[in-house]
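First the structure, in the form of structure tokens, and then the observations on it.
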Amino acid sequence: MSAYIEPIKTALLIFPFLALFISSFFFIYEYRKFGRFIISRAIILYSFVFYLLCAYFLVILPLPPISEVAHYGGPHYELHLGASLHNFLNQTVLKINDPSTYLPAMRQGVFLEPVFNVLLLLPFGVYLRYFFGFSLKKTILASFLLSLFFELTQLTGLYFIYPRNYRLADVNDLLHNTIGGTLGYLLEPLFTLLLPSREQLDETAYEKGKDVTLFRRFAAFFLDWFIIYFFTFILSVGLRLATNGYSDKFFDSPLWYFATILVYFIFLNYLLNGQTLGKKIVRIRVVENNHQHITLKALFIRYGLLYFVYGGIGQLGTIFAPLVGDKNHFLVGIASFFTIGATIIQFLFVVNVLWSVIRKKRQLFYEKRSGTYVISTILPKEI
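Here the UniProt record's numbering is used: position 19 in the sequence shown is 19, and no number is missing along the way.
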């Protein structure tokens with residue numbers, strides 16, 4: 001039993017953070033699917049990943065020194081199905097008519113090992129039925145495959161890191177693990193009696209996902225500009241390689257900035273009916289009041305106010321800011337005027353966003369003027 005205590009202690013120290021890292025990929029998928037980070041679903045996913053990592057640690061730990069394993073003898077595997085039952089019948093101290101032997105019998109390895117292997121995948125069956133909606137046949141198959149992965153991990157000496165296996169690969173473990181996963185499936189209603197059903201979780205997630213949060217819009221904004229900067233970088237590097245001595249200052253110029261806004265945020269939005277690549281990823285769309293297809297006029301007003309007016313003033317502030325320390329007092333006055341003005345406008349924009357958050361009205365100033373707003377493209381049938 002002590003062989004299992006150390007893996008559990010190690011898992012408790014390392015795996016909360018490792019599980020969070022692995023779960024983050026599932027969180028991203030869930031966020032895109034539902035358009036909202038649902039805490040209840042995140043907790044279930046995190047606990048599932050944490051459980052799998054703990055189960056894996058129990059299979060591979062403790063790790064002996066490689067030099068020690070090189071001198072191991074004995075069999076590599078056990079292919080006799082029923083060997084665990086045979087060992088139990090021959091070695092157990094259990095006597096059915098003597099209750100005093102029950103506890104000692106349960107402390108024996110011939111009892112603990114098969115019971116442990118059954119319990120190891122019992123939670124797996126519960127998760128598969130409750131959260132992933134697996135049928136009994138799929139649960140049995142998945143439990144068998146996971147157990148097979150564990151046994152192959154042992155048989156190969158942790159994927160040939162060791163000169164031979166340091167744990168016996170046992171066909172009986174396949175049977176016991178599969179039984180455990182099956183029992184988990186059958187007992188799932190008992191474990192999840194007080195929890196909301198998967199259908200209720202999905203319905204709650206969809207209802208919340210219909211509301212397009214500012215965070216979701218910011219995620220689209222971040223993705224759009226990441227794509228733009230990545231494309232600009234690739235184009236700049238390509239031109240440098242194709243033409244010797246090419247200067248990439250053009251990509252830092254206002255002309256390139258305005259061309260980017262015109263092509264990406266206006267024309268592409270029009271062609272994709274209110275979507276950019278970033279909006280497609282987070283599954284939102286810009287729509288216009290009383291129009292099935294968004295118009296160029298609305299897009300010009302929307303993104304013109306945001307990027308040409310507000311963004312353009314920000315560009316001017318960036319250009320004039322270095323001139324504030326110039327020796328020419330007249331130039332300092334002009335530079336200060338534009339820099340302070342740009343700062344005030346930036347501040348007012350932040351206030352507008354914060355006010356929208358407080359009032360829970362997500363329509364910002366440039367949307368009101370353009371008669372546009374953002375909707376979710378997630379449909380209930382997808383969930």
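We put the beta carbon where it would ideally sit given N, CA and C, even for glycine.
*Selected residue, minimal CA-CA separation from Y56, among V93, E78, E151 and N352*: E151
_Runs of alpha helix (DSSP H) lying entirely within the UniProt domain "VanZ-like" (48-190), each at least 4 residues, in chain order_ = 66-69, 83-91, 102-106, 109-120, 122-130, 136-155 and 157-160
*Please report how far the alpha carbon of K138 lies from the alpha carbon of E188, in whole angstroms.*
15 angstroms
*Which stretch, first to last residue, makes up the beta strand (DSSP E) that contains V287?*
I284 to E288
_alpha helix (DSSP H) runs wholly inside the region 299-323, at least 4 long, in chain order_ = 311-320
*asked:* I'd like to know if the region 68-77 and the region 157-167 are in contact, where contact means that at least 3 CB-CB pairs between them fall below 8 angstroms.
replied: yes
*With DSSP as the reference, label T339 as helix, strand or coil.*
helix
*Cβ pair D170, E78 closer than 8 angstroms*: yes
_Tell me which residues share the same chain as Y130 and place their Cβ nearer than 6 angstroms to its Cβ, disregarding the 5 neighbours each side in the sequence._
E188 and T192
*Where T276 sits in the DSSP three-state scheme*: coil
_Restricting to Cα atoms, I'd like to know which of H293, T372, V353 and F251 is closest to Y303._
T372
*Roughly how many angstroms lie between the CA atoms of L155 and P99, to the nearest whole one?*
39 angstroms
*asked:* Helix, strand or coil, according to DSSP, for I294 in the structure here?
replied: coil
*Where L122 and V212 are concerned, what is the direct C-alpha to C-alpha distance, given to the nearest angstrom?*
39 angstroms
*Nearest to V118 by alpha carbon, out of H80, L174 and T204?*
L174
*Given that a residue counts as buried once 16 or more other Cβ atoms are within 10 Å of its Cβ, and exposed if not, what is K279?*
buried
*How long is the line joining the alpha carbons of V351 and C54, rounded to whole angstroms?*
47 angstroms
*On the three-pair Cβ rule with 8 angstroms, is the region 21-28 touching the region 40-55?*
yes
*Apply the 10 Å Cβ neighbour rule to P114 and answer buried if 16 or more other Cβ atoms are within range, or exposed otherwise.*
buried
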